Structure formats: structure tokens, C-alpha cells
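Residue numbers (my numbering), protein chains in the order written: chain A, 1 to 229; chain B, 1 to 416. Below is one structure, written out as C-alpha cells; comments come after it.
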Amino acid sequence: MSTILRAEGVTRVLPGPQPVTLVRDIDFALSPGEFVAVTGPSGSGKSSLLYLLGLLDRPTEGRISIEGRDTAAMSENELAATRLARLGFVFQFHFLLPEFTTLDNLLIPMRRLGRWDEAEREDRARALLASLGMDEAAGKLPEQLSGGMRQRAAIARALANDPALLLADEPTGNLDTRNARTVFDIFERLVADEHRSVIVVTHDQEQAARAPRQVRLVDGRIVHDSARD
Amino acid sequence: MPLALDIALGHLKRRKRQTLVSVLGVALGVGFFIGMTSLMRGFQTYFVQQVIDVAPHVVMKDEFRRPDLQPVELAFAGGAVEVRGVKPRDTVRGIREAGAKLAAIEAMPGVAVAPMLRGPALLRYGARDTSVSIGGIDPERERRVTNIEKDMTEGRLEDLRSTANGVIVGIGVAQRLGAKVGDTVTAISPAGVTQPFRIVGIIATGVTAIDASEAYVLLRLAQVLLDRPNVINSLRIRLDDVREAEPLARRLESVFRYRTESWEESNRNILGLFVIQNAIMYSVVGAILLVAAFGIYNIISTVVHEKARDIAILKSLGFRAADIQRIFVLEGAIVGVAGAIAGWGVGIGLIEALAQVRFDQVGPVIQGRSGFLLAREWWPYLAGAVFALVAATVAAFIPARRASRLNPVEIVRGAA
Ligand SMILES: Nc1ncnc2c1ncn2[C@@H]1O[C@H](COP(=O)(O)OP(=O)(O)OP(=O)(O)O)[C@@H](O)[C@H]1O
Ligand SMILES: [Mg+2]
Chain A
1 MSTILRAEGV TRVLPGPQPV TLVRDIDFAL SPGEFVAVTG PSGSGKSSLL YLLGLLDRPT
61 EGRISIEGRD TAAMSENELA ATRLARLGFV FQFHFLLPEF TTLDNLLIPM RRLGRWDEAE
121 REDRARALLA SLGMDEAAGK LPEQLSGGMR QRAAIARALA NDPALLLADE PTGNLDTRNA
181 RTVFDIFERL VADEHRSVIV VTHDQEQAAR APRQVRLVDG RIVHDSARD
Chain B
1 MPLALDIALG HLKRRKRQTL VSVLGVALGV GFFIGMTSLM RGFQTYFVQQ VIDVAPHVVM
61 KDEFRRPDLQ PVELAFAGGA VEVRGVKPRD TVRGIREAGA KLAAIEAMPG VAVAPMLRGP
121 ALLRYGARDT SVSIGGIDPE RERRVTNIEK DMTEGRLEDL RSTANGVIVG IGVAQRLGAK
181 VGDTVTAISP AGVTQPFRIV GIIATGVTAI DASEAYVLLR LAQVLLDRPN VINSLRIRLD
241 DVREAEPLAR RLESVFRYRT ESWEESNRNI LGLFVIQNAI MYSVVGAILL VAAFGIYNII
301 STVVHEKARD IAILKSLGFR AADIQRIFVL EGAIVGVAGA IAGWGVGIGL IEALAQVRFD
361 QVGPVIQGRS GFLLAREWWP YLAGAVFALV AATVAAFIPA RRASRLNPVE IVRGAA
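The structure is reproduced here in C-alpha cells:
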């Protein structure tokens, strides 16, 4: 099976008078179409790991490669280009741009990528919103949406450029059970129907259990990986 | 619309009031710059025009920039001698071989030249007398070099030639003597020559000092009256192209050695004042624009601060540092452009308002004028706009660069 993302011996230490080790000795490989739930106690380094795997941060030791390319050899601009075209992020907070409608928020990464022309972009964005049951939100500003809708809009934006991998950091942390379930429904479908990979950090044991692969972090180390045990 | 511009406009629209204040700041700077420039340039251009119109462009005088070396100094040049208390050799003052110089200068293209001998004399009419400065002129040439004829309220320059012993006097002189055109006055020179003259014309320049002390006669008669036969003490030159004045003056001086001043040199103190005046104006306007620039810096800084999350998400979406920087620099530029355009309006309004001002109670400050002299030129609009745009962009650049360097991880952590 091919590997989309690989981490080998990854350690991230925050420098300073008292260096903080965020994660250490992480070995992790992800195949296309895999759905991974990352759990662990608060402060165990889940977010830190996600930033590293999402190329927002660089390891102090070890290597991370994406689709076969070693990220250590990539410039900041190359990492940005990879994030733009291959990765999608969803955070606990939606981070939609408040000045723009839902549709425009979706169009922003598409316009930056420039792969599609204007008409195509709009068609894609509307189709994406429709697939998440968000047709009506297209022309609304983020402040006019409910919490669950905002989070779905954020997921739609993360998917706008057709990424191979979606990374979500507690995307349901601010949502009620029903909305949380909807979000995980979407993730399941992305994996099953569209063969994308999803890594989701969550505290929610019930939702985490829906992912076929479970990774558990304690004190910055992977103490359990269902793919290995 | 480009994406960066879209986002930049979005940010500014969200903070309408602060954006408006920033735009207003720039507009005031640009507007005042335009208004003040119009005012200053109007006055200065008028002044220079007056000088160029009235006075000769180049004057050759019967003196030297460095005093003549005395024969004893020439004889011992370079020797270790210092000579003191030498009685200077008496020389007749005046431009030597004036005729040849006149002809040589006259032969140049675009140049008119007129000779003059000026000296003091006393005019007497009946029991009254007044001292005047008599100018011996050549009316034909004079007319081409100065325009005293324009200031003549009675008579013509030509009458000096057609009337025997004619004199043109300033209106103040005539009043002091109680004489009018047609009357015969007596001129007495320090050389002891006494000669009757008949008033053929009156000059009123509007400058009291001139009108109360000047008189003009034919050059030949002045030479007799002042007992300086064949002598002139200045050559005055008028050019088709005034910009040639300074180079021509330098050229003539190097050839003929007589002190030769261009109008710029003669008016150097006033032109120097203009430079100071302009410097003050530009400092004031510069200060206004500086304040405006701080306003822009402030608003962009605030936006960057407030939009940290947006910046983080844009970066995590795959925007590069340069993309982020472009957005915020654009915001500054938008404020700059909007301010410049509004500033044009302020400038036009200011000029129109100044044009309405009248100084009736003071009387005509400058002949025939009772309001501000305003220059209407296009370049201050361009210069103001360019300066505003540059200032706005530079002011935005600093916070924009800070925005581009924000680490999304830190922000996302902080926001979670
Ligand atoms: N900038 C920082 N300076 C010091 N310590 C930090 C910094 N950022 C993170 N840490 C520490 O690193 C550890 C890992 O943090 P991280 O956010 O990755 O944990 P987490 O598993 O996501 O926690 P949570 O479930 O609360 O989100 C924590 O102990 C945290 O306190
Ligand atoms: Mg976390």
C-alpha cells in the first residue's frame, strides 16, 4: 500500500530557557483512504502532532515526508503550496473570514490555487456545499450561521481544493452531539466515497470509535496505534 | 478582482469609521499641499514675472567683483611683500569701450541690450528743488530692454529724441517740483554743469521710491550734464529666453571682466527667501502627511492585530508570507489612493475658497490685485498623490511585514 504521509522518529522541542518537548519519537505512516482518530489526555501533544503532520510546523528531529517528498528539503513557499493543493485543515474554531459569505470563503483557497476558472469554481463550491447539506448557507455571512453550520462550512472550505488529506483538530469540540455526529458522518463519507485520508483529533470517545484506526498519545508519545498492534 | 484586493477591501469595509479617518488625514495633507503650493507658487511666479518683465535680465556694471590690483602689487606679484597704505591710482569709473561691447552683445541672437549712464543731479523748478538720479538712456534700445514706457502716464519714450533737452520724470518728482509736462526745469550736476530740461513725460511705476527719485534723459545729454563724455556705467540686457540669463552673465563677465549680474543674482536674497518659504510650507505639509501616515500605520496595525486568526487560517490554507504581506500593503495603498483623490477635492476647494478672498480694506497690495495670486498647475496634484501613495504604502509595509511573519501555529493554539 502506498503512503501519503510518513513521520520517522519525529521530535518537536520548543526552544527556550526551559525547552518543552511537544512530541517525541513519532513513527507514523498514513495510506490513502485511511481514517485515523487521535486521542489522548489534554496536553499530550495531539495538536502539536497535527501541526507537524499538516506541515504547519517543522520537527526538530526526525523526518516527515508527504507523498514521498522530504519536507526538510522544502522551502516555506513549497510547504504552503503543498498545503494549498494537497491538505485541508479544520480547527476547533471555524476561522471563517467574517467579511465573506460562506460561498466566498470556499472560493478563497480555490482562487489562490487557480486550478479552475471562475464558473467552475463557483459550480464546485456550490456542489460542495450541497453535498454537506449547506445549500442555503452559500450567500450568508458566517455570523448568520449556527455553530454546526459554521463548522460544516469550514470543512467545506478545507475540501475546496480537493485535498488528499484532511486534518481536523477537535472539529466537534464546540458542537453538540447531533452536530458532532454529522461531522463524523461527513468524514466517513470522504474516506469511503472519495478515498481521501482523514486524521481527526478528538476527545469524543464515541465518535473516535467510528474511525477504523486509533492512535493514542500520552506525554507526546504514541502509546497505541491500532494499525500496529 | 484580484483575491488580495478583495480581502483588503473586506477588511477596510469592516472598519468604515477608522478607514474614513485615515482617508481624511491623507486628504487633508494632499489638499493643503495643493492649496499651499498654489498660493506660494502664485505669489512667487507673479513676483518673478514682475522682475523679469520690469527689470533687465542681465546687468553689466562698471565695477569688478575683485578690486583692481594696484600697479605695485602687479610688479611684486608672488613676492613676500605686503603692501599697505598705497594710494590707489585714480581711474575714471565707467565701462570702457562700451560701444564695442554693446555691438558684440547686440550681435548675439535673442539678446537686446541698452546702455545707461546714471548719476545724481538736482532738479530745480522755480523755488523748489529735489535731488534725482538721472538716467541717460537710448530710447530705441531702452524700449527693447525694459518697459518703462508701459509705466508712462504721460508722453512717450520717443519724445526724448524729438524734443530738444527732454526729460522724463517720476510722478513723485513732478509733484515735489510742482511741475507738469511742458514745463522747463533746471538740472544741476555735482560736476557743476547746469542745463535746462523740458519735461516730456511722467512715469508712475507704483513704487514710491522710484517715482520720487528717477529721471531719464538722452544718454548723450546725461554724459554732458555729468561731465562723463563717452562713458556709461551699465549695460542692461534682455533675453528672449530668461533661463539663459545666468550662463550669459557668467560668460560676459569672464570675457569683459566687469561685474555682470543676472536677475537671479540681483534678486538672490528674495529668491532665497522663497526657498525658505517653500521649505517651511513643505515641512508643514510633510508633517500633516506624516501624521496621516501614522494614522495609516495605526489602522493597518490594528487590522493585523485583529485579523491574526484570519491570517493564521489563510496561512494554513496555503497562502504564502508574500500573499499576506500584499494584502496589508494593499490596504495602505487603498487608503492612500482614496486619500489622494479626496485630497484633490480638498485642494480644489481650498484654491476656490482662496480665490474668493479680497483684501479691500488694505487696498491693492500688488498693483491691480486685491486678492491672493494663485497658480493653477497640475503637478501639485500628481506630486501630492504620489507622495500620499508612497507614504501610505510605506506606513502599511511595517505592519504588513509583521503580519506575513505571524506563525499560524501560535495563533491557532492561542485561539483554541
Ligand atoms: N508555546 C508553548 N509554550 C510552552 N508549552 C507549550 C506551548 N505550546 C504547547 N505547549 C505544551 O505542549 C504540550 C502539548 O500541547 P498540545 O496543544 O499539543 O496538546 P493537546 O494534546 O492538543 O492538548 P488539548 O487536548 O488540551 O488540546 C502541552 O503540555 C502544552 O502545555
Ligand atoms: Mg489540542
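Glycine residues also receive a C-beta, built at the ideal position from the N, C-alpha and C atoms. Note that the structure is predicted; figures quoted are calculated from it, not measured.
- Rounded to the nearest whole angstrom, the CA to CA distance from B:Leu12 to A:Pro41 is 42 Å.
- Remark: the shortest separation between the CB of A:Asp57 and any heavy atom of ligand 2 does not fall under 7 Å.
- What you get when you keep residues with a C-beta closer than 5 Å to any heavy atom of ligand 1 is A:Val20, A:Leu22, A:Ser42, A:Gly43, A:Ser44, A:Gly45, A:Lys46, A:Ser47, A:Ser48.
- By the C-beta density criterion, A:Phe95 is buried, having at least 16 other C-beta atoms within 10 angstroms.
- For the set B:Trp379, B:Leu373, B:Val346, the Cα lying nearest the Cα of B:Gln356 is the one of B:Leu373.
- B:Met152 is classed as buried because its beta carbon has at least 16 other beta carbons within 10 Å across all chains shown.
- Judged by DSSP secondary structure, A:Ile66 falls within the beta strand (DSSP E) whose first and last residues are 61-66.
- About 14 Å separates the beta carbons of B:Glu142 and B:Ile134, which is beyond the 8 Å limit, so they are not a contact pair.
- For A:Asp169, the distance from the CB to the nearest heavy atom of ligand 2 is below 7 Å.
- Our two residues, B:Ile341 and A:Ser146, have alpha carbons roughly 41 Å apart in a direct line.
- Setting aside the 5 residues that flank it on each side, A:Arg216 is surrounded in the same chain by Val38, Thr39, Gly40, Ile222, Val223, His224, Asp225, each with a C-beta closer than 8 Å to its C-beta; the list follows chain order.
- Counting of Cβ neighbours within 10 angstroms places A:Asn105 among the buried residues, the total reaching 16 or more.
- Secondary structure note for A:Asp27: its beta strand (DSSP E) is the uninterrupted segment 20-30.
- For the region 6-29 of chain B, the set of residues with a beta-carbon nearer than 9 Å to any beta-carbon of chain A comprises Asp6, Ile7, Leu9, Gly10, His11, Lys13, Arg14, in chain order.
- Closest option to A:Glu122, judged by alpha-carbon separation, among A:Met110, A:Leu132, A:Leu5, A:Gly133: A:Met110.
- Taking the CA atoms as reference points, A:Asp135 sits about 6 Å from A:Leu129.
- Taking all protein chains shown into account, B:Ala187 has 16 or more neighbouring C-beta atoms within 10 Å of its C-beta and is therefore buried.
- In its chain, beyond the 5 residues on either side, Asn105, Leu106 have a beta carbon closer than 6 Å to the beta carbon of A:Arg157.
- In the DSSP assignment, the residues bridged to B:Ile134 are B:Gly119, B:Ala215.
- A straight-line Cα-Cα distance of about 37 Å links A:Gly68 and B:Val329.
- Along the region 314-330 of chain B, the positions whose C-beta sits under 9 Å from a C-beta of chain A are Leu314, Lys315, Ser316, Leu317, Gly318, Phe319, Arg320, Ala321, Ala322, Asp323, read in chain order.
- Cβ neighbours of B:Leu225 within its own chain (closer than 7 Å, five residues either side excluded): Ala121, Ile134, Ala187, Ser189, Val193, Gln195.
- By DSSP's assignment, B:Met152 forms a beta bridge with B:Ile203.
- In the three-state DSSP reduction, A:Glu8 falls in the strand class (E or B).
- With a cut-off of 8 Å on Cβ pairs, the region 31-45 of chain B is in contact with the region 277-287 of chain B, counting three or more such pairs.
- In the DSSP assignment, A:Ala168 forms a beta bridge with A:Val90, A:Val200.
- Rounded to the nearest whole angstrom, the CA to CA distance from B:Arg198 to B:Val173 is 14 Å.
- By the neighbour-count criterion, in which a residue is buried when 16 or more other Cβ atoms sit within 10 angstroms of its Cβ, B:Ile270 is exposed.
- With a cutoff of 8 Å on beta-carbon distance, A:Gly62 and A:Ala7 are scored as near each other.
- At a C-beta separation below 8 Å, B:Leu3 has these neighbours in chain A: Ile108, Arg111, Arg112.
- Think of a sphere of 8 Å around the beta carbon of A:Asp219: no beta carbon from chain B falls inside it, the nearest being about 18 Å out.
- Nearest CB-CB separation between A:Ser47 and chain B: below the 8 Å threshold.
- Pairing B:Lys61 with B:Arg41, the inter-Cα distance amounts to about 31 Å.
- Flagged as an interface residue toward chain A: B:Val409, by a C-beta distance shorter than 8 Å.
- A:Thr202 sits buried, since 16 or more C-beta atoms from the chains shown fall within 10 Å of its C-beta.
- Separation of B:Ala55 and B:Val48 (C-alpha to C-alpha, rounded to the nearest whole angstrom) is 10 Å.
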